[in-house]
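Below is one structure, written out as structure tokens, with a few remarks after it.
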Amino acid sequence: MMTVLGSSCCVCGAGDARALVEVVLIGGSRATLCGSHALMHRRSPAQARSTSQLREMMGERRGRADRRSTGPDGDELAAALAAAFSGDQRVADRRLG
């Protein structure tokens, strides 16, 4: 891989030139990726032949659901962190002199 200047990641669109690299795909075509997607590409057992395959393989894989929801499918850690950092439970003055 070599550093690329003045482009953007073909998967996520990141444009910070300091984090972009050029990778060679199967068949010899080249694609520009950010560091995270380049790492995913290197570690992937299946290699892409085109930028459209890269986007399909490495696109957004996280769900958009709110992780703070409680209940059987909720994220308890996210709920605990949200509660800990919300202003509702803070005492007005914790300093006792």
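In my numbering, the protein residues as written are 45 to 141. Every residue, glycine too, gets a C-beta built ideally from N, C-alpha and C. Just so we're clear, the structure is a prediction, and the values are computed from it rather than from any experiment.
What are the residues that DSSP puts in a beta bridge with residue i?
i     : result
Cys78 : Leu64
Is DSSP giving residue i helix, strand or coil here?
i     : result
Leu69 : coil
Arg99 : helix
Arg93 : coil
Gly59 : coil
Just the C-alpha distance for residue i and residue j, rounded to the nearest angstrom, thanks.
i     : j     : result
Gly72 : Ala58 : 23 Å
Arg62 : Gly79 : 9 Å
Leu98 : Cys54 : 8 Å
Val65 : Arg93 : 17 Å
Gly86 : Ser96 : Reading the sequence as shown, one finds Arg at residue 86 and not Gly. For Arg86 and Ser96, the distance between alpha carbons rounds to 17 Å.
Ser51 : Leu77 : 9 Å
Label residue i either buried or exposed according to how many other C-beta atoms from any shown protein chain fall within 10 Å of its C-beta, with 16 as the threshold for buried.
i      : result
Leu125 : exposed
Ala82  : buried
Ala90  : exposed
Using a Cβ-Cβ cut-off of 7 Å (strictly less than) and excluding sequence neighbours within five positions of residue i, which residues of its own chain qualify?
i     : result
Val68 : Arg74
What does a CB cutoff of less than 6 Å around residue i pick up in its chain, not counting 5 residues either side in sequence?
i      : result
Met142 : Only positions 45 to 141 of the chain appear in this structure, which leaves residue 142 out of reach.
Less than 8 Å between C-beta atoms, sequence neighbours within five positions excluded: which residues of the same chain meet that for residue i?
i     : result
Asp60 : Cys78
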